[in-house]
Amino acid sequence: MFRWLEVLEKEFDKAFVDVDLLLGEIDPDQADITYEGRQKMTSLSSCFAQLCHKAQTVSQINHKLELHSIQLQLHAKTGQSVDSGTIKAKLSVPSVEELTPVFFRIFVSL
Numbered sequence: 020m021f022r023w024l025e026v027l028e029k030e031f032d033k034a035f036v037d038v039d040l041l042l043g044e045i046d047p048d049q050a051d052i053t054y055e056g057r058q059k060m061t062s063l064s065s066c067f068a069q070l071c072h073k074a075q076t077v078s079q080i081n082h083k084l085e086l087h088s089i090q091l092q093l094h095a096k097t098g099q100s101v102d103s104g105t106i107k108a109k110l111s112v113p114s115v116e117e118l119t120p121v122f123f124r125i126f127v128s129l
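To convert, count from 1 in the sequence shown and add 19; that's my numbering.
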């Protein structure tokens, strides 16, 4: 469904492996640099995974809202008296206020 997300994840994984290989080439006497670098990579990977998940969630919500808009347009053209609230209740879309703390946590952790 989200081909762009699969491509992005593959590119991230490839870059992650490349950086890990570079860290493996560091002199064993500087193991603390390698360890710290891998810790940072783990954190970066976790943030990337969360960001991808949230982007997928936002895309799905956007898709539902687009469907909602089309439904409203069809109802307006056919003259049916169904209000927006009725259709929204069927979709159960989280509000912007519910999503804002999630995005804030992601960007703060970066």
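Backbone N, C-alpha and C fix where the C-beta goes; we use that ideal spot for every residue, glycine too.
In chain order, 42 place their CB closer than 7 Å to the CB of residue 56, counting only its own chain and leaving out the 5 sequence neighbours on each side. The Cβ-Cβ distance between residue 60 and residue 39 falls below 8 Å. Contact between the region 28 to 36 and the region 82 to 96 is absent, with fewer than three C-beta pairs closer than 8 Å. The closest CA to that of residue 21, considering only 95, 71, 45, is found on 71. Secondary structure within the region 37 to 100: the alpha helix (DSSP H) runs of 4 or more consecutive residues, fully enclosed, are 50 to 97 (chain order).
Judged by DSSP in its simplified three-state form, residue 35 adopts helix.
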